[in-house]
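One structure is given below, encoded as structure tokens.
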């Protein structure tokens with residue numbers, strides 16, 4: 003029988019299993035290969051907080067969803083075409099995401115009574131009628147992997163750990179994807195354990211051959227390359243883009259990067275990522291707590307370095323006093339908040355946008371701090387770079403917001419040219435004549451950055467209110483009010499130093515969808531659909547949240563209705579309503595999960 | 019083993035500085051008679067002797083009476099937030115290892131709200147000097163007990179007496195791996211100056227606990243160690259290589275009885291002298307230093323003053339600098355273009 007190949011525009015695959023089953027690994031590999039062959043990709047890893055919850059339990063299910071397409075896409079997909087499950091628990095947790103008539107690949111070896119019971123199944127779903135609306139392919143993944151690897155001399159346990167690559171081999175066959183990129187990765191990954199190179203490659207090949215030989219799938223699929231702007235591309239996750247953005251800002255400014263951090267999900271990968279680059283002069287300091295992590299960054303900034311700290315919501319709560327110190331001391335500081343679901347410890351491995359008001363208001367006194375938010379994985383690069391530029395130019399802490407969804411999500415990224423990037427100039431004070439610690443630049447209101455070691459500029463700063471110009475301690479009533487005003491004005495003036503707001507879609511009309519952060523993909527996809535249907539609708543996605551862009555008020559007024567969808571109970575909504583007196587409408591979801599396109603579309607429909 | 023810090027030294031030929039050069043233009047505002055005045059004076063006096071240009075000196079403090087100190091020094095200074103001075107000082111030192119960095123703190127700032135940072139600073143061994151003004155009371159917040167107040171201390175917040183066992187700061191620093199640990203007194207200007215100088219010359223985190231009299235809220239807390247009539251009976255000065263002797267005429271000594279110290283009067287070159295404990299501040303093993311530190315908790319024993327421990331370990335910033343140099347040598351200095359273009363890439367025409 004000839005292999006029948008069907009051209010399709012896009013597909014979504016979800017790999018799921020126990021957290022030790024390697025679903026994240028093969029999901030990432032399928033993403034890399036799809037990106038390299040030219041598809042647009044969007045991913046959603048969904049894993050439990052427990053490192054390895056009890057095997058076979060519902061709590062231990064780890065999933066990786068990948069959407070790849072020959073069109074430009076912005077989301078990992080609401081539902082999937084193919085679901086690969088390693089055990090009954092993974093089936094139970096994910097089956098609702100599989101489209102009707104979708105392909106379900108099941109490791110049938112793991113459907114013994116014990117595993118069924120752990121997942122809460124009375125009867126084996128592979129043997130009753132519960133899965134009839136799907137194309138079910140039970141595969142003895144464990145046994146077949148064992149057979150393929152029996153000559154390797156590895157233990158049963160070691161062999162069992164290769165079965166994820168058997169599954170990946172099948173999926174690569176199903177979508178006519180080459181195995182070479184995965185093989186290359188396996189060789190690098192296990193360079194120090196060559197026995198695992200052979201075994202994983204054998205498993206991968208066996209899965210591929212299995213599909214070829216058994217002709218289980220009548221059809222395989224092909225997704226053609228997507229149209230991208232010309233350039234050189236790589237695949238990138240949000241946290242890695244943040245890492246590269248920080249190193250690039252350090253390089254472009256000539257400032258040494260000092261990153262203070264305390265491990266926390268989902269920000270730790272920034273610490274791990276930066277720690278690899280000591281050869282770029284990058285200093286990473288894993289500190290004793292969140293407070294000391296921001297403390298070293300502030301100290302480094304005082305010394306004339308690019309001081310950066312990173313954490314997630316609970317860590318930001320602890321850092322708020324120190325951020326306020328950097329604010330009144332007027333030192334450059336970059337604070338990364340990779341948001342996760344709160345409050346308190348909340349749901350550390352789930353996404354949310356619920357820290358915005360904390361970032362705005364979570365400090366004592368009058369404490370204006372610029373806030374920038376990245377909208378998708380690759381945008382983390384540009385946004386963190388811009389945060390560094392503003393921090394250095396205006397001598398202020400800047401908060402960079404990302405979230406778990408884009409921090410761990412991956413997509414293709416057009417590698418920028420260094421020449422395209424704006425300059426970051428530290429402009430250290432060296433002139434002794436006329437130096438005053440709080441004498442300001444007339445345009446930006448930034449104060450001088452006079453680093454220790456500079457002769458003649460010895461001065462003292464601190465958290466007590468500063469006297470205008472001299473920076474001496476002052477309890478003077480008028481001076482205090484004046485300084486509060488100056489600090490607010492300095493941040494407000496940043497609005498004059500940012501690009502005009504991009505309005506996607508209709509320049510004016512029925513509805514403006516206004517968003518920020520990681521919801522970008524879903525919002526853009528939904529608006530594109532509605533534009534295709536002929537509606538006068540537009541999408542604005544804010545990178546600059548404090549200060550708002552100076553043209554925003556005027557843009558809001560051009561639309562009859564403003565819809566603000568957020569993964570919180572309405573943070574931006576409150577800010578926009580307060581600032582512009584616009585009767586904006588919210589769409590709010592606080593489930594630790596991203597929006598789905600259909601949710602947006604149904605809300606938009608109700609407003610048109 | 020004392021190591022000079024040549025990197026931050028004044029070049030020869032530069033004008034000699036005096037203590038006045040280290041005084042800022044700000045009025046000093048501590049209560050009249052406060053022990054802080056003496057500590058400030060001794061610090062200003064010793065600074066010119068260190069041979070460091072004042073632009074290379076940074077004073078970092080937290081919050082509390084002592085933490086106003088940086089405003090009064092004509093060097094770089096940063097008055098930060100409560101308990102966090104060690105973290106900010108670590109960042110300052112890491113970003114510029116050539117700076118001479120000083121942390122000014124108090125018993126509440128360093129041991130209560132900043133306790134966590136204090137112990138971790140000690141174990142990381144940045145080349146930072148920490149002067150802890152211990153007055154065993156909260157001054158700026160007006161008279162509550164502190165983590166070094168004696169149990170039973172009656173204060174505004176403990177009218178019936180505090181319930182807590184105090185920290186022994188010397189023991190805490192030693193337990194945290196501090197490489198230089200000393201105790202001095204606000205009233206003993208010569209000892210304080212020489213101890214500050216020794217702390218400066220030590221490469222690594224130097225910790226000095228300075229007994230400081232809070233004249234308003236805990237007056238005379240250390241009188242028995244500072245009063246002319248009692249101090250020789252109540253203190254023992256630690257001198258490296260010397261036996262532990264004290265008393266008006268040096269007539270008393272300290273020797274071991276089992277695992278405990280005891281006072282003996284038989285000294286003066288008799289054979290008993292051989293049994294006196296001989297101080298060794300350079301010992302790598304901390305047993306003796308710990309033993310001497312704990313003597314402070316024994317009312318029947320004199321209070322040790324001086325350097326408990328001074329050993330050379332690599333500093334954090336040195337190791338970090340070495341790691342960066344090693345990485346550059348192994349992998350080549352970072353090329354930003356190569357970094358951005360790393361991994362699997364593809365070109366869209």
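Residue numbers (our numbering), protein chains in the order written: chain A, 3 to 610; chain B, 19 to 367. For every residue, glycine included, the Cβ atom is placed at its ideal position computed from N, Cα and C.
On the premise that residue j lies in contact with residue i, defined as a C-beta separation below 8 Å, what is that separation, rounded to the nearest angstrom?
i                     : j                     : result
residue 473 (chain A) : residue 439 (chain A) : 4 Å
residue 125 (chain B) : residue 164 (chain B) : 5 Å
residue 569 (chain A) : residue 591 (chain A) : 6 Å
residue 214 (chain B) : residue 226 (chain B) : 7 Å
residue 18 (chain A)  : residue 65 (chain A)  : 4 Å
residue 165 (chain A) : residue 184 (chain A) : So it is not a contact: roughly 15 Å between Cβ atoms.
Any beta carbon of chain B sitting closer than 7 Å to that of residue i?
i                     : result
residue 430 (chain A) : no
residue 191 (chain A) : no
residue 468 (chain A) : no
residue 253 (chain A) : yes
residue 410 (chain A) : no
residue 290 (chain A) : yes
residue 491 (chain A) : no
residue 304 (chain A) : yes
residue 263 (chain A) : no
Does any CB atom of chain A fall closer than 7 Å to the CB of residue i?
i                     : result
residue 25 (chain B)  : Confidence at residue 25 (chain B) is low in this model, with a pLDDT of 48, below 50, so the placement of that residue is unreliable and no value is reported for it.
residue 281 (chain B) : no
residue 68 (chain B)  : no
residue 109 (chain B) : yes
residue 74 (chain B)  : yes
residue 153 (chain B) : no
residue 57 (chain B)  : no
residue 191 (chain B) : no
residue 112 (chain B) : yes
residue 143 (chain B) : no
residue 206 (chain B) : no
residue 35 (chain B)  : no
residue 361 (chain B) : yes
residue 102 (chain B) : yes
Between the Cα of residue i and the Cα atoms of the options, which residue gives the shortest distance?
i                     : options                    : result
residue 334 (chain B) : A:289, A:340, A:332, A:316 : A:289
residue 115 (chain A) : A:108, A:127, A:107, A:105 : A:127
residue 77 (chain B)  : B:50, B:109, B:51          : B:109
residue 302 (chain B) : B:192, B:248, B:263        : B:192
residue 323 (chain B) : B:257, B:339, B:138        : B:257
residue 53 (chain B)  : B:84, B:41, B:180, B:338   : B:84
residue 266 (chain A) : A:470, A:495, A:338, A:528 : A:338
residue 35 (chain B)  : B:66, B:62, B:269, B:183   : B:66
residue 20 (chain A)  : A:60, A:84, A:38, A:31     : A:60
Report the neighbours of residue i on chain E: residues whose CB is nearer than 9 Å to its CB, in chain order.
i                    : result
residue 48 (chain B) : The chain inventory of the structure shown lacks chain E, comprising the protein chains A and B.
Quick check: the stretch 80-90 of chain A against the stretch 14-27 of chain A, are at least 3 beta-carbon pairs closer than 8 Å? Inter-segment contact for the stretch 14-27 of chain A and the stretch 80-90 of chain A is present: three or more beta-carbon pairs are separated by less than 8 Å.
Mind listing which residues of the stretch 25-37 of chain A have their C-beta closer than 8 Å to chain B's C-betas, in chain order? Flagged, chain order: 34, 37.
Does the stretch 324-341 of chain B come close enough to the stretch 191-198 of chain B to have 3 or more Cβ pairs within less than 8 Å? Short answer: they touch.
Residues of the stretch 324-350 of chain B in Cβ contact with chain A at a cutoff of 7 Å, in chain order, please. The stretch 324-350 of chain B vs chain A, Cβ under 7 Å: 338, 341, 342, 345, 346, 349, 350.
Does the stretch 408-427 of chain A come within contact of the stretch 277-292 of chain A, defined as at least 3 CB pairs closer than 8 Å? Segments in contact, no.
When Cβ atoms are compared, which residues of the stretch 549-566 of chain A fall closer than 9 Å to chain B? Those would be none; no residue qualifies.
Using Cβ-Cβ distances below 7 Å, what residues of the stretch 115-136 of chain B are close to chain A? Those would be 116, 117, 134, 135, in chain order.
Chain-ordered residues of the stretch 80-95 of chain B with a beta carbon less than 7 Å from chain A: For the stretch 80-95 of chain B, which is checked against every Cβ of chain A, the residues closer than 7 Å are 88, 89, 92, 93, 94, 95.
Mind the definition here: the stretch 349-364 of chain A touches the stretch 294-307 of chain A only if three or more C-beta pairs lie below 8 Å; say whether that holds. Contact check between the stretch 349-364 of chain A and the stretch 294-307 of chain A: fewer than three CB pairs, one atom from each, fall below 8 Å, which does not count as touching.
Short of 9 Å Cβ to Cβ, which residues in the stretch 326-338 of chain A face chain B? Residues 326, 327, 331.
May I ask you to list, following chain order, the residues of the stretch 230-248 of chain B that have a beta carbon less than 8 Å from some beta carbon of chain A? Result list empty, no residue passes.
I'd like to know if the stretch 372-388 of chain A and the stretch 537-549 of chain A are in contact, where contact means that at least 3 CB-CB pairs between them fall below 8 Å. With a cut-off of 8 Å on Cβ pairs, the stretch 372-388 of chain A is in contact with the stretch 537-549 of chain A, counting three or more such pairs.
Spell out a yes or no on whether the stretch 56-74 of chain B and the stretch 98-112 of chain B are touching, meaning 3 or more CB-CB pairs, one atom from each, closer than 8 Å. Short answer: they don't touch.
Quick test of the definition: if touching needs 3 or more C-beta pairs under 8 Å, does the stretch 259-279 of chain A touch the stretch 401-418 of chain A? Contact holds: three or more Cβ-Cβ distances are below 8 Å.
Please determine if the stretch 529-536 of chain A and the stretch 378-387 of chain A are in contact, where contact requires at least 3 C-beta pairs separated by less than 8 Å. Counting C-beta pairs closer than 8 Å gives fewer than three between the stretch 529-536 of chain A and the stretch 378-387 of chain A, which falls short of the contact rule.
Give the residues from the stretch 312-327 of chain A that approach chain B closer than 7 Å (Cβ to any Cβ), ordered along the chain. 323, 324, 327: these are the residues of the stretch 312-327 of chain A whose beta carbon lies less than 7 Å from some beta carbon of chain B, given in chain order.
Using a beta-carbon distance cut-off of less than 9 Å, what residues from the stretch 438-468 of chain A approach chain B? Correct list: 452, 453, 454, 455, 456, 457, 458, 459, 460, 461, 462, 463, 464, 465, 466.
Against chain B, which members of the stretch 229-245 of chain A pass a CB distance test of less than 9 Å? So the close ones are 229, 230, 231, 232, 233, 234, 235, 236, 237, 238.
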